[in-house]
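To start, the structure under review is shown below, and the notes come after it.
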Amino acid sequence: MVTDHTNLDNVHQHTHAQTSWQVFCQIAQRDLPPLAVSPLWRVLQSLKLLAIAGVLLSSPIQAQSNPITADNTSRSIVTSTDNLLTITGGTTVGNYLFHSFREFSVPTGSIAFFDQSLTVQTILARVTGNSISTIDGIIRANGTANLFLLNPQGIVFGANARLNLGGSFLATTANSIRFADGSEFSAINPQAPPLLTINVPLGLQFGMNPGRIVQQSPALTVQPGQTLALVGGDVALSGGNLITFGGRAEIGSVQEAGLVTLTPTEGGLTLSYPGVTTFGDIQLSGGAEINTSGNPSGAIQIQGRSLQLRDDARILSFNLGTQTGGALTINATDAIEIFGTGNYDQVIQRISSGQLDAANARNMIATIATASGSVGEIVINTQQLRLQNGAYITSVANSSGQPGSLTVNAADIDLNQGLISSLTFLGSQGNSAAVTINTDRLTAQSNSFISTATLGTGSSGKLAIRATDSIYLVGSNAIPLAIPNVSDITTSIATNGLLGGQVGDLELTTQRLVVQDGAQVAAASNNRSGGNILIRATESTLLTGTSPDRALPTLISATGFGNGGNLTLRTGTLTVENGAGVSVLSQGTGTGGNLTITADSIQLNNQAFLEAASLLGTGGNVQLQVRDLLLMRHNSRVSSSAGLLGGTGNGGNIAIAAQFVVAPALENSDITANAFGGQGGNIQIRTQGLYGITFRPQLTPFSDITASSQFGFQGVVTINDPDLDPSRNLVQLSTNFLEATNALDQRCSSQGQANSFVISGQGGLPPTPEEVVNTPAGWQAEQRDSREPTTMPLNHHRSGIVSPGKPLQPHPADPDPLIEATAWVTEADGTIFLVAGADDRAVVHQFGSSCSTSRIPEN
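Residue numbers (numbering that gives the first Met the number 0): 0 to 858.
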């Protein structure tokens with residue numbers, strides 16, 4: 000969270016104007032000893048103080064002659080004439096001029112004038128005393144010299160502070176300025192060896208707990224194209240402005256020791272913070288402004304732990320020229336918070352009507368192209384981003400120029416009546432730029448929206464959001480837009496071509512996507528085809544409800560007045576309920592779009608819908624790939640119907656592949672590819688089970704599958720249902736088998752034993768139809784000597800693998816051919832052999848018609 004700087008804004012307000020009494024008190028405190036014990040000493044001190052007071056009070060000019068005091072380390076000379084404080088002398092090394100002061104403040108109405116040679120390029124002024132520098136007058140220098148003001152104790156710019164410089168200005172509470180050769184110009188060690196040879200400053204060396212910088216001046220500005228920088232501890236702009244026409248604005252807040260590097264650029268400096276690990280807080284309030292508008296617009300960089308904008312504060316840059324403007328970069332290791340002042344409806348009206356200008360653009364971060372030149376990119380890096388009560392971040396073009404790309408990297412994003420957008424205004428010819436958001440969690444509610452949109456003839460940019468955890472959109476009652484024939488707006492993530500421009504692509508990647516209460520995800524055009532949407536929600540997607548006033552459904556859509564768009568949704572569980580839907584509708588005479596959904600399961604409930612329909616044209620295509628269950632309840636529908644408002648278009652195509660398709664018969668949930676004047680469409684369903692819903696020629700109050708046409712030919716419906724339900728169409732089998740003695744003809748054997756037929760419940764045949772099949776049949780074949788017994792025991796294991804009772808004998812290489820037996824021969828011992836061919840001993844026995852039998856006992 001951002002630290003409250005309410006007290007910081009008021010720090011040292013009493014120093015805006017140093018009065019004679021304040022100067023008197025400072026002198027008196029320096030003259031008094033730590034302990035005065037002698038009465039005579041007290042009397043003398045009293046007389047001394049009275050004398051000093053009389054002189055100071057009678058001469059106010061003299062009382063203000065000491066706000067700038069040299070410390071005698073750099074030969075600086077300060078001369079006071081009326082309200083003019085002239086600074087001369089100093090130490091010159093190359094093109095650098097060094098000044099050192101014990102105190103440096105500029106009272107109200109006073110001028111601090113650095114009267115240096117025109118050959119000096121940079122003035123380095125340090126303050127070595129223990130006083131904060133209070134600037135409530137004018138700081139001036141000759142020529143185009145840059146000025147660095149260094150005071151570790153802190154710097155306050157009052158409401159009357161002004162800069163009259165030809166070059167850049169940097170105010171810092173660092174301890175020293177370091178150079179590449181290791182030398183330093185230090186404010187805490189003024190007795191360091193003198194600087195004999197130097198080159199370009201390497202950076203600002205900060206110590207622990209650097210002083211604050213407070214800026215209250217409404218007109219702290221430098222010459223066009225120059226750099227204006229404040230780098231200190233906590234930094235507060237309380238009603239104060241930083242303005243550089245086409246130049247560079249830098250604000251940095253550092254809390255602990257570290258090095259801020261300085262890189263010279265054309266027209267100024269660029270700051271970077273590789274040696275800083277702990278940053279401080281930056282606050283803009285009371286109408287404060289950072290502005291680099293120009294021809295072209297300049298760059299802005301802000302670096303801190305947190306950045307807070309409130310009470311009509313703003314950061315903006317208008318590009319008034321033909322060249323590309325500078326970038327706007329904000330790095331906050333903790334949080335960026337922008338709080339509006341309400342009137343969110345008015346903010347939306349101004350933006351949608353193209354009336355966003357310097358007079359009414361507040362509580363925002365914005366780059367705006369007003370001519371043919373494009374603006375630079377906006378890059379936001381932070382942990383938490385909060386936009387509330389009408390706050391927004393936007394890049395806009397209202398002519399032939401183009402907005403800059405907008406990138407937000409934040410672990411948590413919370414929008415509550417806030418917006419992030421790239422937009423082209425009415426009458427513009429340029430394209431809106433891409434918006435890219437990388438986050439863990441995104442929450443948008445109360446008509447917040449993230450969008451790329453064009454109100455002109457150009458195309459809208461691509462919108463990509465990657466949220467590693469979740470995207471959560473909550474709608475509200477819609478806000479009307481100031482655009483004819485354009486629907487109201489609710490909480491949304493969208494790419495739009497509102498007045499005829501082509502729609503950009505939209506991509507969402509997350510684990511969980513929740514869209515509710517009328518919120519929408521859309522790629523829509525009012526005059527052209529819908530855009531392309533790709534959603535990857537690996538765990539789940541939930542769409543539910545309508546807006547509180549029931550004006551808008553919760554919706555994911557790629558719609559257009561031309562053709563519908565292409566929408567691909569890949570998710571785990573898809574739940575659509577309570578009037579919500581997914582649509583690639585054509586709102587005109589075009590063809591409905593292509594809707595492809597791949598999910599583990601899909602549940603549609605209470606007037607939910609998936610559609611690729613067309614109001615006046617041909618229906619689109621719906622393809623559902625469902626691993627498990629497609630469930631439709633309570634008036635839900637899947638539709639690729641055509642001519643919902645008339646027309647001769649044909650119905651579209653629906654292809655569903657699901658393990659099970661369930662729609663209770665009495666709940667009127669339908670799958671339709673109907674047409675008005677054209678031919679009905681094509682529906683193909685591949686499933687293992689279709690329950691409740693059934694094909695009918697026309698829609699009925701029941702759950703139907705239809706591909707009908709009111710005035711044309713019927714369509715084609717193909718249902719591939721193997722009907723593998725094991726409980727359906729079974730015939731109950733009797734468990735009472737025929738009596739074996741009656742079913743088998745038993746003849747007498749030579750051994751006097753009876754024949755038998757035994758059901759063992761093995762070999763794939765269960766004992767009864769109610770029992771499961773046991774282990775598979777075992778089969779063992781083995782070539783044996785003709786005189787060996789023909790039986791072989793088998794062991795049956797639980798695993799179903801069959802093994803022999805004893806080791807198998809090896810098969811002979813060339814087995815004898817099998818010959819059909821034609822008779823048998825009885826040996827003397829009674830053994831019988833089957834024989835083929837002529838044998839005098841062969842006997843052909845004929846059984847009699849009857850013999851005695853014996854019943855086999857049941858086991």
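Every residue, glycine too, gets a C-beta built ideally from N, C-alpha and C.
> What whole-angstrom Cβ distance do M631 and L594 have, given they're in contact under 8 Å?
Replying inline: About 16 Å; that fails the 8 Å criterion.
> Where does Y272 sit, in a helix, a strand or coil, going by DSSP?
Replying inline: In the structure shown, Y272 sits in coil (DSSP, three-state: anything other than H, G, I, E or B).
> For N208, is the classification buried or exposed, using 16 other Cβ atoms within 10 angstroms of its Cβ as the cut-off for buried?
Replying inline: A residue is called buried once 16 or more other Cβ atoms fall within 10 Å of its Cβ, and N208, having fewer, is exposed.
>> Distance check for A598 and T570, CA to CA, integer angstroms please.
In response: Separation of T570 and A598 (C-alpha to C-alpha, rounded to the nearest whole angstrom) is 5 Å.
>> Does the structure place the region 132 to 152 close enough to the region 164 to 175 that three or more beta carbon pairs sit under 8 Å?
In response: Touching, yes, given that three or more Cβ pairs across the two stretches are closer than 8 Å.
>> Report the CB separation of G325 from G375 in whole angstroms; it is logged as a contact under 8 Å.
In response: The C-beta distance from G325 to G375 rounds to 5 Å, short enough to meet the 8 Å contact threshold.
>> Could you compute how far the alpha carbon of E255 sits from the alpha carbon of V275?
In response: Roughly 8 Å between the two C-alpha positions.
> Which residues does DSSP pair with I131 in a beta bridge?
Replying inline: Its beta-bridge partners do not exist; DSSP assigns none.
> Just to confirm, are V259 and F205 a CB contact at a threshold of 8 Å?
Replying inline: In this structure, V259 places its C-beta atom within 8 Å of the C-beta atom of F205.
> Does the Cβ of F712 have 16 or more other Cβ atoms within 10 Å, making it buried, or fewer, making it exposed?
Replying inline: Per the 10 Å Cβ criterion, exposed.
> Using DSSP with H/G/I as helix, E/B as strand and the rest coil, what is D344?
Replying inline: When DSSP states are grouped into helix, strand and coil, D344 belongs to the helix group.
> Among residues of its own chain, excluding the 5 on either side of A463, which ones have a beta-carbon nearer than 6 Å to its beta-carbon?
Replying inline: Residues T435, E506 of the same chain have their beta carbon placed closer than 6 Å to that of A463, with the five preceding and five following residues left out of the count.
>> Measuring straight from C-alpha to C-alpha, what distance separates G426 and S371?
In response: Near 13 Å, if we compare the C-alpha coordinates of S371 and G426.
> Roughly how many angstroms lie between the CA atoms of R211 and R349, to the nearest whole one?
Replying inline: Straight across, the Cα-Cα distance linking R211 with R349 is about 37 Å.
> Is Q61 helix, strand or coil by DSSP?
Replying inline: Annotation note: pLDDT 36 at Q61 (below 50); position unreliable, no value reported.
>> Just verifying my parser: in three-state terms, what is the DSSP assignment at I76?
In response: Correct three-state label for I76: strand.
> Would a C-beta distance cut-off of 8 Å place G618 and A654 closer than the cut-off?
Replying inline: Not in contact: G618 and A654 (Cβ atoms no closer than 8 Å).
> Is Q300 closer than 8 Å to G266 when the C-beta atoms are compared?
Replying inline: Not closer than 8 Å, so no.
> Quick one: what's got a C-beta closer than 6 Å to T118's C-beta in the same chain, skipping five residues either side?
Replying inline: Listed in chain order, the non-local C-beta contacts of T118 below 6 Å within the same chain number zero, local neighbours out to five positions each way being set aside.
>> Short of 8 Å in beta carbon distance, which residues of its chain neighbour P295, apart from the five on each side in sequence? Order them along the chain.
In response: Cβ contact annotation for P295 (same chain, cutoff 8 Å, sequence separation greater than five): G245, N318, L319, G320, T321, Q322, T323, G324, G325, G372, in chain order.
>> On the DSSP letters alone, give me the boundaries of the beta strand (DSSP E) that A396 sits inside.
In response: Here the beta strand (DSSP E) through A396 covers 377 to 396.
> F710: which of Q510, A657, G648 sits nearest, CA to CA?
Replying inline: Here the closest residue by C-alpha is G648.
> Can you list, in chain order, the residues of its chain whose CB lies under 7 Å from that of A865, leaving out five sequence neighbours each side?
Replying inline: Here the chain covers residues 0 to 858 and nothing more, so residue 865 does not appear.
> In chain order, what residues of the same chain have a beta carbon less than 6 Å from the beta carbon of Y272, not counting five sequence neighbours either side?
Replying inline: The residues are V259, Q302.
>> Taking 8 Å as the cut-off, does the region 438 to 445 touch the region 398 to 411 (at least 3 CB pairs, one atom from each stretch)?
In response: Yes, the region 398 to 411 touches the region 438 to 445.
> By Cβ distance, which residues of its chain are closer than 7 Å to N415, with the 5 residues on each side in sequence left out?
Replying inline: Closer than 7 Å at Cβ, skipping near neighbours: Q387, Q444, S445, S447.
> Taking the C-alpha atoms as reference points, what is the distance between S638 and L551?
Replying inline: Taking the straight line from one Cα to the other gives about 20 Å.
>> Buried or exposed for Q307, going by 16 or more other Cβ atoms inside 10 Å?
In response: The residue in question, Q307, is buried, as its Cβ has 16 or more Cβ neighbours within 10 Å.
> Per DSSP, what kind of secondary structure is S640 in: helix, strand or coil?
Replying inline: In the structure shown, S640 sits in coil (DSSP, three-state: anything other than H, G, I, E or B).
> How big is the Cα-Cα spacing for S539 and V513?
Replying inline: When the Cα atoms are used, S539 and V513 turn out to be separated by approximately 8 Å.
> Can you give, in chain order, each stretch of the beta strand (DSSP E) that sits fully within the region 536 to 606 and has at least 3 residues?
Replying inline: Segments of the beta strand (DSSP E) lying fully in the region 536 to 606: 554 to 556, 565 to 576, 580 to 582, 593 to 598, 600 to 604.
> Who are the near neighbours of F147 in its chain, counting only those whose CB is closer than 6 Å to its CB and skipping five residues on each side?
Replying inline: Closer than 6 Å at the Cβ level, and outside the excluded window around F147, lie L123, L169.
> In the DSSP assignment, what residue or residues form a beta bridge with R125?
Replying inline: Its beta-bridge partners are S99, L149.
> Alpha carbon to alpha carbon, what distance is there between I704 and I670?
Replying inline: Taking the Cα positions, I670 is about 5 Å away from I704.
> In the DSSP assignment, what are the bridge partners of V119?
Replying inline: For V119, DSSP records no beta bridge to any residue.
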